[in-house]
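In the numbering used here, the protein residues as written are 22 to 514.
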């Protein structure tokens, strides 16, 4: 490895592994820095195949108290692979999102401009020969069409049909609505993520696990490396932050980029007064309804059905849904059947701020709270879920354990406020946009405003919540930002 790397990438999660591997394949000398351990090849089964996360592999984030005084554990994985260990869903967002984002960003991010990047990432095992899918990418996408439905999943699908939802075999088809199986990035139930890209032979890619980044190092207004918490410095021509929706803004703020007054209060020298850093925290809030089903967990892959639809209160007129109704194969002992109502386009926003200039100190996280409009839309979703639950096929499986929901509209709204939770699908804390005066942190190429040589390429740059799951859109944005970095930097040395 050269004394000065072509790039140092901070964060070996979904986005960071994508960025580092893509740059290495292009012939760049890359150093990938990750605070957590490298458990590849010896990861616990519940990480690779399940949902479990040991406390020692989590960041330990906890939200600030909400209006009721409740604090929420904010789940983020501190490992090589990041929170990709806990996701297996590859549901794309609606093309109309990109019309909004393209206007906010100032061009370059319309749906026709991004679809090729999606296709390059994926290997769609059912629809790969369609023009909006790929066949050669590193991430397999499947709906497991040959795996029969469980009795619970079959009943959910029948309930959706009786509620006038239309079956959609490919929910990643542009503009698709209706219901179908959620596309998943797995093979035989085993996750395949961008961390697997690190298993390829890249002699010019150097991984530093268990290395906490303290701050970005500048010479004048140019980023020239990253200082680690042990005092050592990794020098590079380009610095790319992919530390996630909490890690990337905190690293910017510790480096002197953020709201000037708050940085000064912490004794941090201000490099760029950038008010949007850490703001605009978006999520997909949801509520869960216990259908009352109790059974046995199926062997093999657990499958998921979701319906996307527009509520009477949130129909945008562009075909974009604002609600999702999600039914999962029952799991556990006994295996329980639930329906979750997801709000795709919430209005509520939160923020993340530094608690200290010390890199080991956890940040102050204020999760988004529901606005009155959010409550109305989610309430429509709950009523739709209750209609589905009333279908004879689901009623035949139910026990008295099912969730009791108040009938009156005002009481229902109160129940939604009391029972809403974070999925978490958080994005937006280093938002991409046309102007820092409008709250943007990075420009259309992912470059941090006010400095040179510094980029952000992870879920934090999404301008708003996607109408769909954030996993694939994050990979797409990270890949496109990497292409822009490579084009700007020119040929490898």
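We put the beta carbon where it would ideally sit given N, CA and C, even for glycine.
Counting only the same chain and skipping the five closest in sequence on each side, list residues whose C-beta sits under 6 Å from that of residue i.
{"i": "residue 435", "result": "none"}
{"i": "residue 514", "result": "Reliability of the predicted coordinates at residue 514 is poor, the pLDDT of 42 falling under 50, and the value obtained from them is presented with this limitation in mind. Hits under 6 Å: none found."}
{"i": "residue 53", "result": "30, 33, 41 and 228"}
{"i": "residue 191", "result": "148"}
{"i": "residue 356", "result": "316, 317 and 318"}
{"i": "residue 348", "result": "177, 326 and 360"}
{"i": "residue 280", "result": "296"}
Pull up the distance between the alpha-carbon of residue i and that of residue j, whole angstroms please.
{"i": "residue 480", "j": "residue 117", "result": "18 Å"}
{"i": "residue 502", "j": "residue 510", "result": "12 Å"}
{"i": "residue 448", "j": "residue 389", "result": "11 Å"}
{"i": "residue 322", "j": "residue 210", "result": "4 Å"}
{"i": "residue 63", "j": "residue 157", "result": "28 Å"}
{"i": "residue 358", "j": "residue 454", "result": "41 Å"}
{"i": "residue 314", "j": "residue 491", "result": "29 Å"}
{"i": "residue 373", "j": "residue 381", "result": "15 Å"}
{"i": "residue 202", "j": "residue 194", "result": "13 Å"}
{"i": "residue 285", "j": "residue 55", "result": "28 Å"}
{"i": "residue 409", "j": "residue 196", "result": "23 Å"}
{"i": "residue 159", "j": "residue 263", "result": "19 Å"}
{"i": "residue 120", "j": "residue 131", "result": "6 Å"}
Where does residue i fall in DSSP's three states?
{"i": "residue 514", "result": "Confidence at residue 514 is low in this model, with a pLDDT of 42, below 50, so its placement is unreliable and the value that follows should be read with caution. Coil, per DSSP."}
{"i": "residue 435", "result": "helix"}
{"i": "residue 365", "result": "coil"}
{"i": "residue 597", "result": "As displayed, the chain neither begins before 22 nor continues past 514, which places residue 597 out of reach and without an answer."}
{"i": "residue 271", "result": "helix"}
{"i": "residue 240", "result": "strand"}
{"i": "residue 250", "result": "coil"}
{"i": "residue 373", "result": "strand"}
{"i": "residue 300", "result": "coil"}
{"i": "residue 60", "result": "coil"}
Using 8 Å as the threshold, is the C-beta distance between residue i and residue j below it?
{"i": "residue 344", "j": "residue 330", "result": "yes"}
{"i": "residue 101", "j": "residue 145", "result": "no"}
{"i": "residue 477", "j": "residue 276", "result": "no"}
{"i": "residue 214", "j": "residue 206", "result": "yes"}
{"i": "residue 493", "j": "residue 172", "result": "no"}
{"i": "residue 204", "j": "residue 138", "result": "no"}
{"i": "residue 589", "j": "residue 472", "result": "No information on residue 589 is available, as it lies outside the stretch 22 to 514 that the chain covers here."}
{"i": "residue 489", "j": "residue 223", "result": "no"}
{"i": "residue 28", "j": "residue 245", "result": "no"}
{"i": "residue 298", "j": "residue 482", "result": "no"}
{"i": "residue 238", "j": "residue 254", "result": "yes"}
{"i": "residue 300", "j": "residue 129", "result": "no"}
Give every residue of the same chain whose Cβ lies closer than 8 Å to the Cβ of residue i, excluding the five residues on either side of it in the sequence, and list them in chain order.
{"i": "residue 220", "result": "61"}
{"i": "residue 426", "result": "310, 403, 407, 433 and 436"}
Among residues of its own chain, excluding the 5 on either side of residue i, which ones have a beta-carbon nearer than 7 Å to its beta-carbon?
{"i": "residue 445", "result": "95, 96 and 304"}
{"i": "residue 443", "result": "93, 304, 306 and 388"}
{"i": "residue 81", "result": "383"}
{"i": "residue 179", "result": "412 and 414"}
{"i": "residue 497", "result": "135, 138, 139 and 142"}
Can you list, in chain order, the stretches of the beta strand (DSSP E) that have 3 or more residues and sit fully within the stretch 76-163? Correct list: 143-145 and 160-162.
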